[in-house]
Every structure is written in C-alpha cells, then in structure tokens.
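The numbering used here puts the sequence shown at residues 769 to 842. Think of the CB as a built atom: it goes at the ideal place given N, C-alpha and C, for glycine as much as any other residue.
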Amino acid sequence: MTAPPIQGCVITDAIEEMTIHQGDCINLESDDATYQVIGVDDEHQRCWVRRWPLQTATGSPVFEISVEQIKLAS
769 MTAPPIQGCV
779 ITDAIEEMTI
789 HQGDCINLES
799 DDATYQVIGV
809 DDEHQRCWVR
819 RWPLQTATGS
829 PVFEISVEQI
839 KLAS
C-alpha cells in the first residue's frame with residue numbers, strides 16, 4: 769500500500785496518470801505557455817498557477833484552475 773502524497777494530487781485518465789506538486793511547471797489545454805504550480809487542492813481538484821518565467825516588470829498574477837485544464841505531457 770502506497771501512502772498518498774503529502775502535497776499534490778493525482779489526476780487519473782483512462783490511459784495516463786499524472787501527479788502535480790507545488791513548484792511543478794505545467795502547460796494548459798488552452799495554450800502552450802509555461803505555468804508554475806503555486807498550490808494544489810487535491811480534495812477539490814483545483815490548483816493555483818502563475819506564468820513562468822516570472823515577468824519582472826508586472827509580475828505574474830496567480831490564478832486558480834481546475835486540474836482538468838492541465839495538459840498531460842506526452
């Protein structure tokens with residue numbers, strides 16, 4: 769029996785499985801830009817992300833998304 773991750777969540781797809789952790793860099797289904805995971809709520813299948821690399825002049829605002837919006841790496 770494997771213990772669940774302390775922080776992060778497991779996304780199960782019919783074919784693939786992906787684990788998301790704070791600090792991971794991801795892509796979204798809606799575009800190919802890179803985002804950094806700031807926090808994960810595995811109970812509600814939500815996470816908070818910001819654009820990566822950080823934009824120095826304006827910063828990179830944090831926003832909430834559903835984990836279903838994350839593109840699985842191929």
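- Quick one: using the 10 Å Cβ neighbour count with 16 as the cut-off for buried, is C793 buried or exposed? exposed
- Item | C-alpha distance - A801 paired with D809, whole-angstrom precision | 22 Å
- Taking the alpha-carbon positions, what's the L796 to I838 distance? 4 Å
- Which same chain residues, not among the five before or five after V830, have their C-beta less than 6 Å away from its C-beta? I806, W816, R818
- Query: Just checking my contact of Q813 with V835 at CB under 8 Å: how many whole Å lie between their CB atoms?
  - Reply: 5 Å
- The beta strand (DSSP E) spanning W816 covers which residue range? 814-819
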